[in-house]
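To convert, take the position in the sequence shown, counting from 1, and add 31; that gives the working numbering.
Note that CB positions come from ideal geometry on N, CA and C, so glycine has one too.
Structure first, commentary second.
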Amino acid sequence: MQPVMNPKYPGLSVRVADEGFAAYIWGSDFSFEVAAYGAAQVGKPVAQWPVTPIIPYRKCYGIDPEEFSSFRDAADSEIFMAYLDDEPVGHLVVSTNWNGFAHIDELAVHAPARRHGVAKALLDVAQFWSRKKKLPGIMLETQNNNLGACRLYERCGYVVGGIDHLRYRGIDPNTAEVALFWYRLFDNPLESPLSSPASPRLVP
Numbered sequence: 032m033q034p035v036m037n038p039k040y041p042g043l044s045v046r047v048a049d050e051g052f053a054a055y056i057w058g059s060d061f062s063f064e065v066a067a068y069g070a071a072q073v074g075k076p077v078a079q080w081p082v083t084p085i086i087p088y089r090k091c092y093g094i095d096p097e098e099f100s101s102f103r104d105a106a107d108s109e110i111f112m113a114y115l116d117d118e119p120v121g122h123l124v125v126s127t128n129w130n131g132f133a134h135i136d137e138l139a140v141h142a143p144a145r146r147h148g149v150a151k152a153l154l155d156v157a158q159f160w161s162r163k164k165k166l167p168g169i170m171l172e173t174q175n176n177n178l179g180a181c182r183l184y185e186r187c188g189y190v191v192g193g194i195d196h197l198r199y200r201g202i203d204p205n206t207a208e209v210a211l212f213w214y215r216l217f218d219n220p221l222e223s224p225l226s227s228p229a230s231p232r233l234v235p
């Protein structure tokens, strides 16, 4: 697959992950600040969710570069890396799920590189990959304490298809963290064309 360029951010490109993937993972900061929990509601925009502010803290997912090593260059999965001015700043892991949807197994952006369109560019490539495989859509999971991610997915045409209040209770019985399952359905007759993200532009 050729690099994908984002015309809004000329220095941003997305490529298939290479041998520098592990070094990029170990050298990046994927943490984010949690300042509130949202009470997600199916069919309602994120802006209308009730929000409970909390004392802010930083959350960081432990990302292991070897976890998805078998996904690289496989028939039903791929790992993409985003570059900003030729520096690796983000990645996305996508695979074909058992239910026929593409599944975004992981999406992360290096903290200093956020707000440069990196996550949006990676999601656009996931859509391109999924449509090329003629899949009906994309699904992913995030949590109710990552409201920035929720707003991003909503802007990119995803909708909440499921809410799981118990998913993280095995880790912490008292957690307020709730799993949210987002879906981007292709060729949905109920979907407004304006909600569809622009197709990525392939360049030589």
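DSSP state of tryptophan 160 mapped onto helix, strand, coil: helix
Flag isoleucine 86 as yes when its Cβ comes closer than 8 Å to any non-hydrogen atom of the ligand GDP, and as no otherwise. With respect to the ligand GDP, the structure offers nothing, as it holds no ligand at all.
Using a Cβ-Cβ cutoff of less than 6 Å, which residues in the same chain neighbour proline 81 once the five nearest sequence positions on both sides are dropped? Ala70
Of all the options Gly131, Glu118, Arg182, Ile135, which has the alpha carbon lying nearest to the alpha carbon of valine 18? The requested residue 18 does not occur in the structure, where the chain is confined to residues 32 to 235.
Among Phe102, Cys181, Gly74, Val65, which one has its Cα closest to the Cα of isoleucine 85? Val65
Contact set for aspartate 116: own chain, Cβ-Cβ below 6 Å, skip 5 residues either direction: Gly42
Contained alpha helix (DSSP H) runs [length at least 4] in the segment 39–75, N- to C-terminal order: 52–57
Helix, strand or coil for arginine 172 per DSSP? The question names arginine, but residue 172 in the sequence shown is glutamate. Looking at glutamate 172 - three-state DSSP - the assignment turns out to be strand.
Since I believe leucine 153 is in contact with leucine 183 (beta carbons under 8 Å), could you give me their beta-carbon distance rounded to a whole number of angstroms? So it is not a contact: roughly 10 Å between Cβ atoms.
Measuring only the C-alpha atoms, how far is valine 191 from glycine 74? 7 Å
Quick check on histidine 147: buried or exposed, where buried means 16 or more other Cβ atoms within 10 Å of its Cβ? buried
Quick check on the burial criterion: 16 or more other C-beta atoms within 10 angstroms. Buried or exposed for glycine 93? Exposed is the call here.
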